[in-house]
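A short write-up of the structure that comes next.
Numbering (my numbering), first residue to last: 8 to 430.
Below, the structure written as structure tokens:
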């Protein structure tokens, strides 16, 4: 197939995508599709979004070269697109501001969201607070425990966080509950999906709100080094940060697009989220795409040390890019990701999200293939504050007793502060 992006039927990326939803949601999806198309050509909407990105998000985000980290990549130059420096600490704010503005434009007063690592939940709660919307966030119970800091941040911002204990109690199950809520409350509620999956128009719309990452990065790299990078690396859970940076480079045939998915404990162990390595096409959460499933078509549980990549499906445009050969996708194990996480901390003084550490591990691998003349651009999609407890346990930086004691102290502190402040 062509190396460039072909024309697609609306809502489809080759065979992938589509809209597989209950009849009750069709009218809401049509309303959303009409609203986002009108907003795309409305100078007032685009001007307000640009103003928020400039004065609230902090765009454009920086490009940082990391030479000491790159010494471990065969001498290739490695450049980071610093989405971790955005307000709320990740790329997620790009999409939620756009969708929150659309929510008000459609006359709705409430948003619901799902989250795995908590970054999308925090960004959604932030946008809701900024624009005066009610916000409910569904989160797998397992994820609420490994991302407790982000749960607290969402509640401070005024959001209701609903732990989901069904299934594997991770992102897949949170999406199921959010879908049920939306069907029941569709008249006044917008489902603010956080990645490039779900029924049409979500994959296109979320990609378009994140496309600013690649637009900025392409111009910044040309300005810094005088040519395009040889490869662009990004982690892929649902795939929003990867699609955001990939999209502006799709027509640049000389640039390799490399997605790194969660290989967990290894693709041969069954404990992973490597959809392109072992998944097959099927339908999940309203879209036809690659899904981890058994021979009867039942969705399999996924695993990753990273809550944000612990998802058994992937955005349908990624499925198209994979089959067309325009993008490459490789698994990165938990151990490889954590090694890259530690290396960036110690060589450059940057603590990345564990999701982003998968992209860093991929960049080390691609850099060694390219050699000293290579240039690799990495989308550093989020900062690692939320992952410090996980890293501390992984590397044995503190004892289990110390972590338990710290959690007990943290649980007591809000009570004392609330009594003192009158909350």
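C-beta atoms are modelled at their ideal positions from N, C-alpha and C, and glycine is treated no differently.
Note that the coordinates shown come from a computational prediction; the quantities given were computed from them, not determined experimentally.
Between which two residues does the beta strand (DSSP E) harbouring residue i extend?
i, result
"residue 88", "84 to 89"
Return the bridge partner residues of residue i from the DSSP annotation.
i, result
"residue 389", "97"
"residue 273", "None, per the DSSP bridge assignment."
"residue 209", "In the DSSP output, where bridge partners are listed per residue, residue 209 has none listed."
"residue 141", "117"
"residue 404", "In the DSSP output, where bridge partners are listed per residue, residue 404 has none listed."
"residue 147", "171"
"residue 360", "Answer by DSSP bridge pairing: none, since residue 360 is not bridged."
"residue 19", "24"
"residue 382", "84"
"residue 268", "338"
"residue 288", "297"
"residue 112", "In DSSP, residue 112 forms no bridge with anything."
"residue 375", "Answer is none; residue 375 lacks a bridge partner."
"residue 6", "In the structure as shown, the chain starts at 8 and stops at 430, and residue 6 therefore has no counterpart that could be examined."
"residue 263", "238"
Do you know how far the Cα of residue j is from the Cα of residue i?
i, j, result
"residue 323", "residue 284", "15 Å"
"residue 206", "residue 193", "15 Å"
"residue 97", "residue 90", "5 Å"
"residue 302", "residue 294", "19 Å"
"residue 226", "residue 217", "16 Å"
"residue 333", "residue 257", "8 Å"
"residue 8", "residue 409", "Because residue 8 sits at a pLDDT of 36, beneath the cut-off of 50, its placement in the model cannot be relied upon, and the point is left open."
"residue 104", "residue 25", "25 Å"
"residue 11", "residue 243", "Note that residue 11 has pLDDT 44, beneath the 50 cutoff, so the model's placement of it is unreliable and no number is given."
"residue 425", "residue 22", "Note on residue 425: pLDDT 39, under 50, position unreliable in the model; the coordinate value appears next. Taking the straight line joining both Cα atoms gives about 54 Å."
"residue 182", "residue 315", "13 Å"
"residue 69", "residue 168", "32 Å"
"residue 123", "residue 51", "33 Å"
"residue 248", "residue 114", "28 Å"
"residue 77", "residue 246", "25 Å"
"residue 357", "residue 299", "33 Å"
"residue 288", "residue 162", "37 Å"
"residue 85", "residue 188", "43 Å"
"residue 402", "residue 271", "17 Å"
"residue 359", "residue 153", "16 Å"
"residue 107", "residue 384", "30 Å"
"residue 118", "residue 142", "5 Å"
"residue 144", "residue 313", "19 Å"
"residue 109", "residue 125", "22 Å"
"residue 395", "residue 329", "33 Å"
"residue 204", "residue 210", "5 Å"
"residue 41", "residue 59", "23 Å"
"residue 208", "residue 111", "18 Å"
"residue 186", "residue 197", "11 Å"
Over what stretch of residues does the alpha helix (DSSP H) that includes residue i continue unbroken?
i, result
"residue 282", "282 to 285"
"residue 163", "155 to 163"
Can you tell me which of the options puts its alpha carbon nearest to the alpha carbon of residue i?
i, options, result
"residue 461", "292, 185, 47", "No information on residue 461 is available, as it lies outside the stretch 8 to 430 that the chain covers here."
"residue 178", "196, 134, 47, 127", "127"
"residue 253", "231, 105, 223", "223"
"residue 2", "46, 125, 380", "The question about residue 2 has no answer, for the chain in this structure spans 8 to 430."
"residue 72", "405, 27, 104, 83", "83"
"residue 147", "172, 139, 78", "172"
"residue 138", "130, 144, 74", "130"
"residue 266", "124, 388, 42, 80", "388"
"residue 365", "374, 343, 212, 235", "343"
"residue 30", "102, 40, 190, 121", "190"
"residue 310", "362, 347, 211", "362"
"residue 44", "401, 367, 213", "213"
"residue 369", "403, 46, 337", "337"
"residue 135", "221, 374, 166", "166"
"residue 228", "200, 87, 49", "87"
"residue 184", "350, 208, 120, 220", "120"
"residue 278", "307, 378, 58, 250", "307"
Could you confirm whether any beta carbon from chain C is found closer than 8 Å to the beta carbon of residue i?
i, result
"residue 405", "Annotation note: the requested chain C is absent from the structure, which comprises a single protein chain."
Closer than 7 Å to a non-hydrogen atom of the ligand SAM - does that hold for the CB of residue i?
i, result
"residue 346", "Ligands displayed in this structure: none; no statement on the ligand SAM is therefore possible."
4 or more residues per run - each alpha helix (DSSP H) lying fully within the segment 290 to 349: Segments of the alpha helix (DSSP H) lying fully in the segment 290 to 349: 323 to 331.
Beta strand (DSSP E) runs contained entirely in the segment 173 to 251, provided each spans 3 or more residues: Counting only runs of 3 or more, we get 196 to 198, 238 to 242.
Inside the segment 33 to 90 only - beta strand (DSSP E) runs reaching at least 3 residues: Qualifying beta strand (DSSP E) stretches, in chain order: 70 to 72, 84 to 89.
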